[in-house]
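Engineer: Questions regarding the structure given below will be posed in turn.
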Amino acid sequence: MEVITTDIAIVGAGGAGLRAAIAVAEAAPDLKVALISKVYPMRSHTVAAEGGAAGVIKSEDSLENHFHDTVSGGDWLCDQDAVELFIEQAPKELIQLEHWGCPWSREADGRVAVRPFGGMKIERTWYAADKSGFHILHTLFQTSLQFPTIDRFDEYYCTDLLVEGGRCQGLTAMEMRTGRIKVFRAKAVIIAAGGAGWMFPFTTNGAVKTADGMAMAYRAGVPLKDMEFVQYHPTGLPGTGILLTEGCRGEGGILVNKDGYRYLQDYNLGPPDPWPRKKAMELGPRDRLSQAFWHEQQKGRTVSTKWGDVVHLDLRHLGEKKIDERLPLVRDLARSYVGADPVHELVPVRPVVHYMMGGIDTNIDAATAMPGLYAAGECACVSINGANRLGSNSLTELLVFGGRAGRHAAEYARKTTHLTESLADQLGEMAAQRVTELFHKEDQGESLSVLRGEMNKTLESGAGIYRTEDTLQETCKKLAELRARYRCLHLDDKSKVFNTQLVYTMELGSMLEAAHAMAHSALQRKESRGSHQRLDYTERDDDNFLKHSLAYYAAEEDPRIDYQDVVITRSQPAARVYGGAES
Amino acid sequence: MSHRTIDLEVMRYRPEQDDEPWVQTYKVPCEEDWVVLDALIYVKDNLDGSLSYRWSCHMAVCGSCGMMINGEPALSCKTFIRDLPGDVIRVEPLTNFPIERDLVVVMDDFIEKLQRVKPYIIRDESKPISEGEHRQTPAQLKKFKQYTLCINCLCCYAACPQYALIPEFIGPAALTLAHRYNQDSRDQGWEEREDVVATNEGIWDCAFADACSIVCPKHVDPASAIQQMKISSTLSWYKNLIGLGGKKR
Ligand SMILES: Cc1cc2nc3c(=O)[nH]c(=O)nc-3n(C[C@H](O)[C@H](O)[C@H](O)COP(=O)(O)OP(=O)(O)OC[C@H]3O[C@@H](n4cnc5c(N)ncnc54)[C@H](O)[C@@H]3O)c2cc1C
């Protein structure tokens, strides 16, 4: 087996992985980095982010404001020490990106411009029109090209971590071009493999967001934290799930039901006027807006279309000039994919699975409990997002914690040694077996697309916007069944070169593990908080659940769920208020 | 929803089995608002799990799914079936690139060229973070903004007659990116890039066929970027010749 020796192996070359790689290259030019990604870096899903990245830069704003918006937005499940560090580092990271050439939108005097975002008291979201993630990703990728110590392994699919003596010492990955499995021997590993939206049937996430990183860590014994918190974004295009950024509402767009009524005023987010107004109505937090849609649907006040029930996003009053300048992509997407030009027409939208608040448990140095293993980005849970992420905090999180992961991993790598080559080879062979077995199984009649479809369906019906004991029990049961059936899955493509059926199969395996952790974490959280809403436990319960959940892998068994206290520094849990009650 | 059944003709090539590419036809019942990528996904999920193609975002921004559709390079996620005539659609891998498998091409050449043009900010002295952002007016931003929009989908390379003839040609997307940084008010790397791009493999190889700009799904207009580079390169050459000193910054 080919053994590749590096100092730091990074799984994933999206925003978090690239930021980590550059941090290592800058802080420790003597260390080698292997940046491994199942797609070319610029295909990573950071590319799809539209709205922008939050960071305090304007004199009217303050770190205090950003702190409180984030903590209350997260329904007090955020670790406040992590949030403090995050908001303080945020502007520095965004300026750094500016220095690297990110084409941020500007004010007339040449300073960077900011826009309002949901749940934020004041405008603080840096943006590059409505292609912010695209520009951030390309800026990071292009910047990374100048560092000779970063070795890229594009289109390599990572399969397993190598753990020896309780330490993470490398990983195995399949080179997709040849189908060959190789061992990466590394002193430290950083997982930056992104989210898991593809578990659900209707999502803004690209097909690459399949929980691989989470599953790798989980299977190796590192817990997944707060997995029950899944963000629905209120404005996805029906049919495809393509996102229309919150920037639409930041710029003044409104949401109306089938009667043309701004229904959010019925859900403690009003009064509707004056508009636009921060932290009110359409600029409330995402969890509340998505829940309001659900209630409107129950009341029969949504609009039924060939794609199912929707409400309408109205941008017409912004006018063509503003729409073309600030939201050009939104206009293009709405016209192309639902045939509605926002300059002249209402655009149909509905809630759509968007983001995982939960992920690999890390501390504020991006380190996991396993020495040598770090994680950052959407696959990780620090946690700054708590029970509901505020829009535009995630892109900033990639930078802040991606950078930290890189620097801390470098520091750790300096103090440690490599696994011997023969041991690496041995461990690699063992890991490779899991893949080879998938390949050589007899046909037992299970098909990939059928299993994936059933997983999608059970997560939507059981672990969607509103949950109950019964629906969650049902979903847990179904997932146990699917995990068993997964073992009977048959591959009919036995070729080695760019075998996407094999990759999709491994991805499905990852998603089933993460889904299992999610459903059980949700079942055991008997309260409603942020994005986790239970019809049978409708209130937040700080006495019992002001805690992070930790799901531990237990092979064939159901995961073991444990809890960890939330770190509170200066904001005691209080009621979350938006709309008129806020000011 | 109304269906329309099409014959999807897909070029197949599996190097372990096939001596050369061949065409396989699938009957696909398409929904009215499907794009070509949806038809490929239908095939993969329901008819033939062995078909390989790249894709991810399904919203025309990740750049993975460029391929030849009825002979033209295009993004399969942004090409609507309703806009294509007849009941036969032909998809093939991007031309001018070696085929890795089925619709997947080998893109090593492009990645190497991208790196070669030094697509990052180069400055004599970097500004400390504590000094905040560079000022850049909307007018300064506008000078290069369009050239930042390339998604690296490679449609322009498949369309480029020069690249077909001369594989060493750096090509539209990479040259445009060099121009993007040259035009950025924060950058001082023009000279370094000039050594790479003002060469026979670089801008002087472009015959201004404009094919790149016509097929670009993001309207980046690489042809105009290359034209502008030729002009500024020529100007600086003349300036040097008549002794007006240093190269343009
Ligand atoms: C449509 C959309 C719009 C958004 N808009 C905003 C916004 O405006 N503001 C904001 O703050 N946030 C936004 N978000 C959220 C934010 O963009 C994401 O959370 C963030 O980009 C995730 O970055 P990442 O680096 O963690 O992961 P990604 O960018 O998804 O990268 C993951 C990387 O891991 C690699 N990988 C995964 N599995 C493997 C494997 N097995 N082997 C090898 N490599 C692997 C992939 O190839 C990829 O390189 C948006 C999200 C979406 C979907």
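Order-wise, the sequence lines are chains A and B. Take the working numbering: the last position of the first sequence gets the number 583, and nothing is skipped along the way. Take the working numbering: the last position of the second sequence gets the number 1249, and nothing is skipped along the way. Built from N, CA and C at the ideal position, the CB exists for glycine as well.
Inspect the beta-carbon positions of B/E1133 and A/V112 and report whether they are closer than 8 Å.
Structural biologist: The sequence position of residue 1133 of chain B within the second sequence is 133, counting from 1. The sequence position of residue 112 of chain A within the first sequence is 112, counting from 1. Cβ atoms of B/E1133 and A/V112: closer than 8 Å.
Engineer: If the criterion is Cβ atoms closer than 8 Å, does the pair A/G530 and A/D361 meet it?
Structural biologist: For the purposes of this step, residue 530 of chain A is identified with residue 530 of the first sequence, where counting begins at 1. For the purposes of this step, residue 361 of chain A is identified with residue 361 of the first sequence, where counting begins at 1. No; because the gap between Cβ atoms is not below 8 Å, this pair is not in contact.
Engineer: If we cut at 8 Å on Cβ distances, does B/R1014 have a partner in chain A?
Structural biologist: Position 14 of the second sequence, counted from the start, is the residue given in the question as residue 1014 of chain B. Yes, because at least one Cβ of chain A sits closer than 8 Å to the Cβ of B/R1014.
Engineer: With distances taken from CA atoms, which of A/A53, A/G197, A/L438, A/R219 is nearest A/P559?
Structural biologist: What you label residue 559 of chain A is simply residue 559 of the first sequence in a count that begins at 1. The option with the nearest alpha carbon to A/P559 is A/R219.
Engineer: Please report how far the alpha carbon of A/A211 lies from the alpha carbon of A/S461, in whole angstroms.
Structural biologist: Along the first sequence, read from residue 1 onward, the residue named residue 211 of chain A stands at position 211. Along the first sequence, read from residue 1 onward, the residue named residue 461 of chain A stands at position 461. Near 20 Å, if we compare the C-alpha coordinates of A/S461 and A/A211.
Engineer: Should A/G213 be counted as a contact of ligand 1 given a C-beta to heavy atom distance under 7 Å?
Structural biologist: As a working note, residue 213 of chain A is residue 213 in the first sequence. True, at least one ligand heavy atom lies under 7 Å from that Cβ.
Engineer: Please report the straight-line C-alpha distance between A/G221 and A/D7, rounded to a whole angstrom.
Structural biologist: Indexing the first sequence from 1 puts residue 221 of chain A at position 221. Indexing the first sequence from 1 puts residue 7 of chain A at position 7. Their Cα atoms are separated by approximately 23 Å.
Engineer: List the DSSP bridge partners of A/A262.
Structural biologist: As a position in the first sequence, residue 262 of chain A is number 262, starting the count at 1. Before going further, note that residue 262 of chain A is Arg rather than Ala in the sequence given. DSSP, once it has assigned bridges, lists no residue as partnering A/R262.
Engineer: Classify A/D154 as helix, strand or coil using the three-state DSSP reduction.
Structural biologist: Within the first sequence, residue 154 of chain A is the residue found at index 154, counting from 1. Strand, per DSSP.
Engineer: Can a CB atom of chain B be found closer than 8 Å to the CB of A/G579?
Structural biologist: In the first sequence, counting from the first residue as 1, residue 579 of chain A sits at position 579. A/G579 does not count as touching chain B.
Engineer: Under 8 Å between beta-carbons, which chain A residues line up against B/N1046? List them in chain order, please.
Structural biologist: Residue numbering aside, residue 1046 of chain B sits at position 46 when the second sequence is read from its first letter. Going along chain A in sequence order, the residues near B/N1046 (Cβ under 8 Å) are S449.
Engineer: Can you tell which of B/A1198, B/D1210, B/Q1017, B/S1213 has the C-alpha that lies nearest to the C-alpha of B/R1116?
Structural biologist: The residue given as residue 1116 of chain B occupies position 116 in the second sequence. Nearest option by C-alpha distance: B/A1198.
Engineer: Could you give the distance in angstroms between the alpha-carbon of B/C1153 and the alpha-carbon of A/T178?
Structural biologist: Residue 1153 of chain B sits at position 153 when you count from the first residue of the second sequence. Residue 178 of chain A sits at position 178 when you count from the first residue of the first sequence. Approximately 23 Å, taken between the alpha carbons.
Engineer: Along the beta strand (DSSP E) that carries A/G359, what are the first and last residues, could you check?
Structural biologist: Position 359 of the first sequence, counted from the first residue, corresponds to residue 359 of chain A. It spans 359 to 361 - the beta strand (DSSP E) in which A/G359 sits, taken as one unbroken run.
Engineer: List, in chain order, every chain A residue whose beta-carbon is nearer than 7 Å to that of B/P1138.
Structural biologist: As a working mapping, residue 1138 of chain B is identified with position 138 in the second sequence. The answer, in chain order, is R106, A108.
Engineer: Report the three-state DSSP secondary structure of A/K547 (helix, strand or coil).
Structural biologist: For the purposes of this step, residue 547 of chain A is taken as residue 547 along the first sequence, with counting starting at 1. Correct three-state label for A/K547: strand.
Engineer: With distances taken from CA atoms, which of A/I4, A/R43, A/F86 is nearest A/I384?
Structural biologist: Position 384 of the first sequence, counting from 1, holds the residue named residue 384 of chain A. Out of A/I4, A/R43, A/F86, A/F86 has the C-alpha closest to the C-alpha of A/I384.
Engineer: Please identify the residue among B/S1050, B/A1174, B/N1070 whose C-alpha is closest to the C-alpha of B/C1206.
Structural biologist: Position 206 of the second sequence, counted from the first residue, corresponds to residue 1206 of chain B. Here the closest residue by C-alpha is B/A1174.
Engineer: How about B/A1225 and B/T1148: are their beta carbons less than 8 Å apart?
Structural biologist: The count along the second sequence starts at 1 and reaches residue 1225 of chain B at position 225. The count along the second sequence starts at 1 and reaches residue 1148 of chain B at position 148. Not closer than 8 Å, so no.
Engineer: Measure the Cβ-Cβ separation of A/A21 and A/L31 and say whether it is below 8 Å.
Structural biologist: The sequence position of residue 21 of chain A within the first sequence is 21, counting from 1. The sequence position of residue 31 of chain A within the first sequence is 31, counting from 1. Result no, Cβ atoms of A/A21 and A/L31 do not sit closer than 8 Å.
Engineer: Is any beta-carbon of chain C found at less than 8 Å from that of A/H548?
Structural biologist: Checking the listed chains, one finds no chain C in this structure; the protein chains it contains are A and B.
Engineer: Compare the C-beta of A/L327 against all C-beta atoms of chain B and say whether one is closer than 8 Å.
Structural biologist: For the purposes of this step, residue 327 of chain A is identified with residue 327 of the first sequence, where counting begins at 1. No, because no Cβ of chain B sits closer than 8 Å to the Cβ of A/L327.
Engineer: Within 10 angstroms of the Cβ of B/S1056, are there 16 or more other Cβ atoms? Answer buried if so, exposed if not.
Structural biologist: Counted from its first residue, the second sequence places residue 1056 of chain B at position 56. So B/S1056 ends up on the buried side.
Engineer: Quick one: what's B/R1030 bridged to in DSSP?
Structural biologist: Looking up residue 1030 of chain B in the second sequence gives position 30. In the sequence as presented, Arg is not what sits at residue 1030 of chain B; that position holds Cys. B/R1004, per the DSSP bridge assignment.
Engineer: Nearest chain A C-beta to B/R1249 closer than 8 Å, yes or no?
Structural biologist: The sequence position of residue 1249 of chain B within the second sequence is 249, counting from 1. Because B/R1249 sits at a pLDDT of 41, beneath the cut-off of 50, its placement in the model cannot be relied upon, and the point is left open.
Engineer: What does a CB cutoff of less than 7 Å around A/D365 pick up in its chain, not counting 5 residues either side in sequence?
Structural biologist: Sequence index remark: in the first sequence, residue 365 of chain A carries index 365 (1-based). Correct list, in chain order: R404, H408.
Engineer: Any C-beta of chain A within less than 8 Å: which residues of the region 1110 to 1129 of chain B qualify?
Structural biologist: Within the region 1110 to 1129 of chain B, the qualifying residues are I1111, L1114, Q1115, K1118, P1119, Y1120, I1121, S1126, K1127, I1129.
Engineer: For A/R277, does the three-state DSSP call read helix, strand or coil?
Structural biologist: As a first step, residue 277 of chain A must be located in the first sequence, where it is residue number 277. In this structure, A/R277 counts as coil in the three-state DSSP scheme.
Engineer: Kindly indicate the opening and closing residues of the alpha helix (DSSP H) around A/P91.
Structural biologist: Stepping through the first sequence from its first residue, residue 91 of chain A is reached at position 91. Residues 80 to 99.
Engineer: Closer than 7 Å: is that where the CB of A/V183 sits relative to any heavy atom of ligand 1?
Structural biologist: Translated into the one-based positions of the first sequence, residue 183 of chain A becomes position 183. No.
Engineer: If you pair each beta-carbon of the region 366 to 376 of chain A with each one of the region 388 to 406 of chain A, do three or more pairs fall below 8 Å?
Structural biologist: Contact holds: three or more Cβ-Cβ distances are below 8 Å.
Engineer: Please determine, among A/R525, A/V11, A/R534, A/L502, the residue with the shortest C-alpha to C-alpha distance to A/H490.
Structural biologist: Residue 490 of chain A sits at position 490 when you count from the first residue of the first sequence. A/H490 has its Cα closest to that of A/L502, out of A/R525, A/V11, A/R534, A/L502.
Engineer: Between which two residues does the alpha helix (DSSP H) harbouring A/A321 extend?
Structural biologist: Walking along the first sequence from the start, residue 321 of chain A turns up at place 321. In the sequence on display, residue 321 of chain A carries Lys and not Ala. That run of the alpha helix (DSSP H) goes 319 to 326.
Engineer: Put B/Q1146 into one of helix, strand or coil per three-state DSSP.
Structural biologist: Start at 1 with the first residue of the second sequence, and residue 1146 of chain B comes out as number 146. Looking at B/Q1146 - three-state DSSP - the assignment turns out to be helix.
Engineer: Tell me the residue span of the beta strand (DSSP E) that contains A/V310.
Structural biologist: Here residue 310 of chain A is taken as the residue at index 310 of the first sequence, counted from 1. Per DSSP, A/V310 belongs to the beta strand (DSSP E) from 308 to 314.
Engineer: Taking the C-alpha atoms as reference points, what is the distance between B/R1004 and A/H440?
Structural biologist: As a first step, residue 1004 of chain B is located in the second sequence; it is residue number 4 there, counting from the start. As a first step, residue 440 of chain A is located in the first sequence; it is residue number 440 there, counting from the start. Answer to the nearest angstrom: the Cα atoms are 38 Å apart.
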